[in-house]
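Presented below is the structure to which this report refers.
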Amino acid sequence: MARYSPLHSRTGPLCRGSRWEEWSGFLAAIMYELDHVHEYHAVRNGCGLFDVSPLLKYDIRGRDALALVDRVIVRDATKCQIGQVLYSTWCDDDGMVIDDGTIFRLGEGHFRMTATVPILGWLEDAGTGLEAQVSDVSEEIAAVAIQGPTSRDLLQRLTNADLLDLGFFRHTTTEVSGASALISRTGYTGDLGFEVFVDPDDVVHLWDSIMELGGDHQLRPAGTMALDLTRLEGGLLLLDADFRSAFQTTFYVQKTSPFELGLEWMVDMDKDFFIGQQALRTEQERGSRWLTVGLELDVVAMQGFYTEWGMPMTLPQSPWADEVPVYADAEQTRHIGRGTSGSWSPVLKKYVVIARLEPDHAILGTEVFIEEMIEAVSYSVPATVVKMPFYDPPRKRARGVVAT
Amino acid sequence: MTNTYDAIVVGGGHNGLTCAAYLARAGRSVLVLEKTHILGGAAVTEEIFPGFKYNVYSYVVSLLRPEVIRELELPRHGLQIHPVDSVWSPTEDGDYLVFPTDPAQERDELKRLSLRDAEMMPRFTDVMYKMAHAVKPILGLVPPDPSRQGWRDIRTARGLGKLFSGLDKQTFSELTKLMTMSVDDFLAEYFETDVIRATVGLSGIIGTMLGVRSPGTAYVLLHHYMGELDGAYTAWGAQKGGTGAVSEAIASAAREHGAEIRVDSPVSQVIVKNGKAVGVATESGEEFYARTVVSGCDPNVTFRKLVDPSELPDEVIASIGNFKFRGSSGKVNLALDRLPTFTAMPDPSLMSGSISISPSVEYIERAYDDAKYGGFSQRPAMEVELPSTVDPTMAPPGKHVLSAFVQYMSYDGSDAVDRDAERRDFGNAVIDALAEFAPDLKDVILHKQVLTPWDMEQKIGLTEGNIFHGELTLDQLFFFRPGIGLADYRTPIRNYYQCGSGTHPGGGVTAGPGRLAAMQILGGSK
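Listed in order, the protein sequences are those of chains R and Y. Be aware that the first sequence starts at 1, since it is given in my numbering, and climbs by one per residue. Be aware that the second sequence starts at 1001, since it is given in my numbering, and climbs by one per residue.
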């Protein structure tokens, strides 16, 4: 039986359709209204308020805290300043991705990692011989994410910290509506946004304070479906959609490396050691099996297939997560990879898909064909390899105010 | 600076801009000349009162053609539409009707009023959907000329025949009814609840000086069902930053393709030499020359004002003279200190949808009666939106803008009318009618803007203030728009084209006429 988040007294009554899903053992609202559309548009036009308390959180403290973090993540942790946040993946010995998440540097010898796949034991094992203590603080810290163009204006009314000065992937410890809190300029929507971490005893008051000002800033509570659609537009990968955890899959073909996920930019092969580095070196020599890219589908061609049935085209209004075959040719003779998640993007007015393709085809501008089933008949919809993120507004990372 | 272009577009409304964008995209040098200080024509958003942005005229987007969005890459140029998908309508006895976002919830809401109607609604929607799907391809066609037998006319006519022969019996019969009946008679075949008929029926008379009981109004209903957003039919939406931002996005696309766009440049006439348009003269005395001149203005301006009538056959002058404009609606825009309270509204989130002041069929018909012989409805029917409830760029935090599209307000061009008094009385009638359902409205108004059809004619050149460049009745659509033999975007004057809402597929922010006109111009010069 899934448990209630510390915000359930608030989110429960708001969730009008009782649409919940499980997230790390807790109930998370898929959508509060009967449709996710308004929640999605709130994130892109006003702001959305998400309960992200179920995130797993690990504190790493001690003289060798930095050394431990640097051992486990693929990025160079030594470059992480106090007050900075890193997005990174971590891998198993085979260089296969276990999970991705954010790493906060809270002090000289104090880090915090957020995750979806439990790794307490793994972190402890990785710290063998190091002077670093790992603790699971998941349930000691509750969190909300407030995401969208008006998020800063709203949150600023509840804190004295200068949010205009808080850079992208930076955090600050401050008070928010009277309670001590950690605010980070992070999120999972590809938009301007913040995450606020507080004691679970304070989180209901925090939620209420934000909701009370919400009317002035076009805020709506938003669920995981709006989150999924915004993260897709933002080109952010989703566990169990675009990749599976090396800890939760058995076979090599189901696992992926950071290179294969298109995250080469974060892998620091020059540092002395990190878990999986040796295997990734071998991959670099031999070449990767796939590369992760964006696809943009040709909806005019797709409409043509529907017209054969005398029907208007049906576009996915909410994101799908699946394994959809991708081919090099319309005749479907040369299989080259899979689409892993996709949706019609309301803000881009395009049908976008995240796909994992053989490297020869994962080249910008290449035309590929993705399967679309219409009335149980398989069609090949032409698609073009495009760069991700699909949607990347300047306000996301800009310091100061950017016209929205 | 050059004064010679491949094409000159007269009027920077959304269709003129669309036409210019397509022509520029095809490599033509294009100049757009707009008379006012702002682009968009009737699709403009202005900060009339500091901090508050009004959708001065047009207030929702639905019919904007998906191919235009795609081909001009409008999202990259700022197009961003969020849905306005619920409709709430109060009744005079303190009850209300809601068409909510979700079909399951819709059944519950309608059951409250009539179990029979709740069951009927999905069937009605299905019939309308089928008809819209059948008729929709027509929106993307250059109309054939039934009085001519050119190869293209015959081919198009044959395509149309195929389209209709593919319809099942019920759809065909409903379509015939739709083309002939009054919107209320048509709806009465489906629904017994008065407020449902009134609220659905209101869309049949928008922009038309006819009542819900006037024959021929049912078709306009279908026109509204052809709206499309993200592949979903009948979805209405509001552009971020206001309707004007749609025009801005199209203008940005046009500029990117190299079009030159000038505001504050009223054109006084199209220069015609030997039956051929060769350029335009502006009111400031400048002259510009081009191989092609396109008018985005309405048919009256295009045929009877911009060119010397002697350049055109008498029957064209007469036919355009008979084209019905008859502006029927006014617009009231309000800046609000806070949200008003609609007494009967069960959930404040309905304020982000459309609020329809259509309490009963009789209410709307009486509103028509009031204005039938001139003047305005004492208790008008309205479509009200509060875009600031979802769009933070429309008003300061906590404040709001309200847009009321008001039917009926008749056009009177006579010099004897005291315009200030007319605006004052009309504005008061609108606010009084709204205040019947939101008693605190008057306490929260910071500023108001009142526009009559006459104002619309004066400010943006809409003849008799008709928002659609001519009524959308069956006798003025497709190959009748704006007249037999004039529906292919050409005119009897060589190299002089039309691209406004007075051509097929008609009014609303569709960009359809602008695109089809450009196709015709580009195809014609091959």
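For every residue, glycine included, the Cβ atom is placed at its ideal position computed from N, Cα and C. None of the values given here were measured: they were computed from a predicted structure.
Determine the extent of the beta strand (DSSP E) in which residue i is found, giving its start and end residues.
i	result
Q1080/Y	No beta strand (DSSP E) holds Q1080/Y; DSSP gives it neither H nor E.
P180/R	Checking the displayed sequence, the identity of residue 180/R turns out to be Ser instead of Pro. Run containing S180/R: 179-184, per the beta strand (DSSP E) assignment.
D201/R	Run containing D201/R: none; DSSP gives neither H nor E here.
V1332/Y	1329-1336
A21/R	The sequence shown places Glu at residue 21/R, rather than the Ala named in the question. Where E21/R is concerned, the enclosing beta strand (DSSP E) stretches over 19-23.
E1109/Y	E1109/Y -> not in any beta strand (DSSP E); alpha helix (DSSP H) instead, spanning 1103-1111.
If you follow the alpha helix (DSSP H) that residue i is in, where does it begin and where does it stop?
i	result
P1453/Y	1453-1460
H217/R	No alpha helix (DSSP H) contains H217/R, which DSSP labels as neither H nor E.
M1409/Y	M1409/Y -> not in any alpha helix (DSSP H); beta strand (DSSP E) instead, spanning 1400-1409.
S1165/Y	1151-1165
M311/R	From DSSP, M311/R is part of no alpha helix (DSSP H); its letter is neither H nor E.
M269/R	Unbroken run through M269/R: none, as it is neither H nor E.
N45/R	37-45
V1272/Y	Note, V1272/Y: premise wrong, no alpha helix (DSSP H); beta strand (DSSP E) at 1267-1273.
Is there a C-beta anywhere in chain R that falls below 8 Å from the one on residue i?
i	result
G982/Y	Summary: the structure shown does not reach residue 982/Y, with chain Y confined to residues 1001 through 1526, and so no result is reported for it.
P1392/Y	yes
H1070/Y	Going by the sequence as given, residue 1070/Y is Arg instead of His. Yes, R1070/Y lies at the interface with chain R (some Cβ there is under 8 Å from its Cβ).
S1525/Y	Caution is warranted here: a pLDDT of 46 is assigned to S1525/Y, below 50, making its placement in the model unreliable, and no coordinate value can be reported.
K1240/Y	yes
T1389/Y	yes
T1510/Y	no
D1102/Y	yes
H1224/Y	no
H1037/Y	no
H1133/Y	yes
P1075/Y	yes
Residue j and residue i - do their beta-carbons sit closer together than 8 Å?
i	j	result
L66/R	G109/R	yes
T114/R	L263/R	no
E1471/Y	K1324/Y	yes
V1280/Y	V1294/Y	no
A246/R	V198/R	no
R334/R	A355/R	no
I1138/Y	F1479/Y	no
F1468/Y	G1427/Y	no
G1140/Y	G1500/Y	no
What separation, rounded to the nearest whole angstrom, lies between the Cα atoms of residue i and residue j?
i	j	result
P1313/Y	D1184/Y	40 Å
D240/R	V402/R	34 Å
D1102/Y	F1164/Y	32 Å
I146/R	D165/R	17 Å
V1111/Y	L219/R	It should be noted that the sequence gives Lys, not Val, for residue 1111/Y. Each residue's Cα considered, the two are about 31 Å apart.
E1256/Y	D59/R	51 Å
R289/R	P359/R	7 Å
Q167/R	R397/R	The amino acid occupying residue 167/R in the given sequence is Gly; Gln does not appear at that position. For G167/R and R397/R, the distance between alpha carbons rounds to 7 Å.
Y87/R	M266/R	8 Å
A376/R	D1432/Y	57 Å
S1525/Y	G1285/Y	Any reading at S1525/Y is ruled out, since the residue's pLDDT is 46, under 50, leaving its predicted position unreliable.
G276/R	K1136/Y	57 Å
E308/R	A1367/Y	46 Å
A1277/Y	D322/R	58 Å
I1261/Y	I1320/Y	29 Å
K349/R	I1069/Y	8 Å
Does the beta carbon of residue i sit closer than 8 Å to a beta carbon anywhere in chain Y?
i	result
H217/R	yes
V347/R	yes
L34/R	yes
V37/R	yes
T250/R	no
K387/R	no
P149/R	yes
P312/R	yes
Where the region 219-236 of chain R meets chain Y: residues whose CB sits under 9 Å from a CB there
R220
Cβ-based contacts, 9 Å cut-off: residues of the region 1078-1093 of chain Y near chain R:
L1079, Q1080, I1081, H1082, P1083, D1085
For the region 153-165 of chain R, list every residue whose C-beta sits within 8 Å of some C-beta in chain Y, in sequence order.
D153
Taking beta-carbon pairs under 8 Å, can you tell me which members of the region 40-68 of chain R lie near chain Y?
H41, A42, R44, N45, G46
Under 8 Å (Cβ pairs) to chain R, residues found in the region 1103-1116 of chain Y
A1104, Q1105
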